[in-house]
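Taking it in order: structure first as structure tokens, then the write-up.
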Amino acid sequence: MSKYIVAVVGATGAVGREMIKTLLQRKFPFKSLRLFASSRSKGFKIKVGEREVEVEELTEDSFTNSKIQFALFSAGADRSKKFAPLAAKNHVVVIDNSSAFRMDEDVPLVVPEVNPDDIKNHKGIIANPNCSTIQMVVALKPLYDASRIRRVVVTTFQSVSGAGLKAMNELRTQSEAYLQNAQIVIDKFPYQIAFNCIPQIGDFMEDGYSKEEEKMVLETRKIMGDKEIRISPTTVRVPVFTGHSESVNIETETKITRKEAMAILKKAPGVTVVDDVEKLKYPLPIDCEGKDDVFVGRIREDNSVENGLNMWVVSDNLRKGAALNAVQIAEHMVKKKLV
Ligand code: A2P
Numbered sequence: 002m003s004k005y006i007v008a009v010v011g012a013t014g015a016v017g018r019e020m021i022k023t024l025l026q027r028k029f030p031f032k033s034l035r036l037f038a039s040s041r042s043k044g045f046k047i048k049v050g051e052r053e054v055e056v057e058e059l060t061e062d063s064f065t066n067s068k069i070q071f072a073l074f075s076a077g078a079d080r081s082k083k084f085a086p087l088a089a090k091n092h093v094v095v096i097d098n099s100s101a102f103r104m105d106e107d108v109p110l111v112v113p114e115v116n117p118d119d120i121k122n123h124k125g126i127i128a129n130p131n132c133s134t135i136q137m138v139v140a141l142k143p144l145y146d147a148s149r150i151r152r153v154v155v156t157t158f159q160s161v162s163g164a165g166l167k168a169m170n171e172l173r174t175q176s177e178a179y180l181q182n183a184q185i186v187i188d189k190f191p192y193q194i195a196f197n198c199i200p201q202i203g204d205f206m207e208d209g210y211s212k213e214e215e216k217m218v219l220e221t222r223k224i225m226g227d228k229e230i231r232i233s234p235t236t237v238r239v240p241v242f243t244g245h246s247e248s249v250n251i252e253t254e255t256k257i258t259r260k261e262a263m264a265i266l267k268k269a270p271g272v273t274v275v276d277d278v279e280k281l282k283y284p285l286p287i288d289c290e291g292k293d294d295v296f297v298g299r300i301r302e303d304n305s306v307e308n309g310l311n312m313w314v315v316s317d318n319l320r321k322g323a324a325l326n327a328v329q330i331a332e333h334m335v336k337k338k339l340v
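Structural data, given as structure tokens:
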């Protein structure tokens, strides 16, 4: 198998580190790994398997004549907007974890279990969806294939790692301060996150929805290839380090029973069903940390409507919600000889 030169942009961040880990764990066929971050991290060494790789400063020339084939970006939307087109111009395939290009018509927005065929339409940049969208569509797609989904009502319980390493540190330091009756310092979130829930992720728009909620609506429709699905989201930040949980209610065109839903989801790629309430078995974020799958439980028929189902969907947001999905896109391209 050919060996590739792969770059991770934002290599010192929460998702960047997970990308490095995932490339190694899944034995992605790279011959070298280039790590980029800001000037602050220049020269910093990161362990990659047995070796240590020095972090390089991301500059406008980073991709010129670099022979890099894949660049996994997770350094924020502003960096993506500036540097991803430069990389693409230098024949690098960019898999971008930011929101910068997700809704661009020219940019495929891909979850390999759902719409892998969209990858081949790329023009240098492929977008990785938002973490809460990824785990939801992995669970929705097999049910959609059984009966078209008309409406989704989703409430998310999103961990702090989705907001980066500094946000994780903020939960830790606030928790310690709270337990010691010391002063709580607020920086990354609008309010104290320790021992709290914040019903705001991203800025609010005129209609009262947050940016994160808008992403869930628009991205789900694009990935599923159905502009008609009605989606009503509420996104909430909770004091969990890793793993997003979602309460998902769907209405389908025809009835799917709990038994049928269980059978469909058990066979679905990337899904593990954890559902046995008699034994108190349901997915928990602490159990999903470091795992690849999307975990689904509490599957129930919604008796308040004709064709409704409720479920509880949990996944590691740094992994399937970000790093793993990006690596799976690259793997698909290697497998299908698209690079
Ligand atoms: P750095 O550590 O040098 O600031 P997180 O979301 O976990 O906070 O991570 C953000 C990532 O984006 C980090 O790797 C960070 O690098 C990187 N980053 C931030 N600003 C820039 C920039 N101007 N150029 C390149 N990388 C950046």
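As numbered in our numbering, residues 2 to 340 make up the sequence shown, in order.
Here a beta-carbon is modelled for each residue, glycine too, at the ideal position from N, C-alpha and C.
Keep in mind the model is a prediction, meaning the values are calculated, not measured.
- Exclusion of Ala327 from the 7 angstroms shell around ligand 1 follows from its C-beta lying no nearer than that to any non-hydrogen atom of the ligand.
- Burial state of Thr273 is buried, judged by a 10 Å Cβ sphere holding 16 or more other Cβ atoms.
- Distance between Gly309 and Pro284, taken at the CA atoms: about 21 angstroms.
- Measuring C-alpha to C-alpha distances from Phe71 to each of Ala88, Phe158, Ser81, Cys289 identifies Ala88 as the nearest.
- Judged by beta-carbon spacing, Val275 lies within the 8 angstroms limit of Gly298, meaning their Cβ atoms are closer than that value.
- Taking 8 angstroms as the cut-off, the beta carbon of Val186 is found no closer than this to the beta carbon of Glu247.
- In the same chain as Phe242, and ignoring 5 residues on each side of it, the C-beta atoms closer than 7 angstroms to its own belong to Ser160, Val161, Ser162, Met169, Leu172, in chain order.
- Per the C-alpha coordinates, the member of Lys167, Gln193, Ile6, Thr13 positioned closest to Tyr179 is Gln193.
- Chain order is used for the residues whose beta-carbon lies nearer than 7 angstroms to a heavy atom of ligand 1, namely Val10, Gly11, Ala12, Thr13, Gly14, Ala15, Val16, Gly17, Phe37, Ala38, Ser39, Arg41, Ser42, Leu59, Ser75, Ala76, Gly77, Arg80, Gly165, Leu166, Lys167.
- Pairing Ala147 with Val295 gives a Cβ-Cβ distance that is not under 8 angstroms.
- Ala183 places its beta carbon 8 angstroms or farther from that of Pro240.
- In this structure, Ile126 places its C-beta atom within 8 angstroms of the C-beta atom of Asp97.
- Here the stretch 327-339 makes no contact with the stretch 248-265; the two share fewer than three CB pairs at distances below 8 angstroms.
- Per DSSP, Thr255 is not a residue of any beta strand (DSSP E), being assigned neither H nor E.
- Exclusion of the five residues before and after Lys167 leaves Asp188, Lys189 as the residues of its chain whose Cβ lies within less than 8 angstroms of its Cβ.
- Here Lys22 carries a helix assignment [DSSP, helix/strand/coil].
- By the neighbour-count definition (other C-beta atoms within 10 Å, threshold 16), Cys198 is an exposed residue.
- Beta-bridge partners assigned by DSSP to Arg301: Asn311.
- In the three-state scheme derived from DSSP, where H, G and I count as helix and E and B as strand, Lys167 is classed as helix.
- Straight-line measurement puts the Cα of Ser3 at about 29 angstroms from the Cα of Arg80.
- When Lys337, Met312, Lys268, Leu339 are compared, the shortest CA-CA separation from Val155 is found for Met312.
- By the neighbour-count criterion, in which a residue is buried when 16 or more other Cβ atoms sit within 10 angstroms of its Cβ, His92 is exposed.
- Pairwise C-beta distances place the stretch 212-227 in contact with the stretch 110-129, as three or more of them are shorter than 8 angstroms.
- At the C-beta level, Asp293 and Lys321 come within 8 angstroms of one another.
- Around the beta carbon of Lys121, fewer than 16 other beta carbons sit within 10 angstroms, so the residue counts as exposed.
- Rounded to whole angstroms, the separation of the alpha carbons of Arg18 and Val237 is 25 angstroms.
- In the structure shown, His333 falls within a helical segment according to DSSP collapsed to helix, strand and coil.
- Every alpha helix (DSSP H) of 4 residues or more that sits fully in the stretch 156-214 is shown, in chain order, as 166-180.
- The alpha-carbon separation between Asn131 and Phe64 amounts to approximately 26 angstroms.
- Within the model, the alpha-carbon separation for Ala264 versus Cys289 is close to 21 angstroms.
- Taken through DSSP and simplified to helix, strand or coil, Glu106 comes out as coil.
- For His245, the pairing in a beta bridge is given by DSSP as Ser316.
- Counting every other CB atom within 10 Å of its CB across the protein chains shown gives Gly209 a total below 16, marking it as exposed.
- In the DSSP annotation of this structure, the continuous segment of the beta strand (DSSP E) that includes Tyr5 starts and ends at 5-10.
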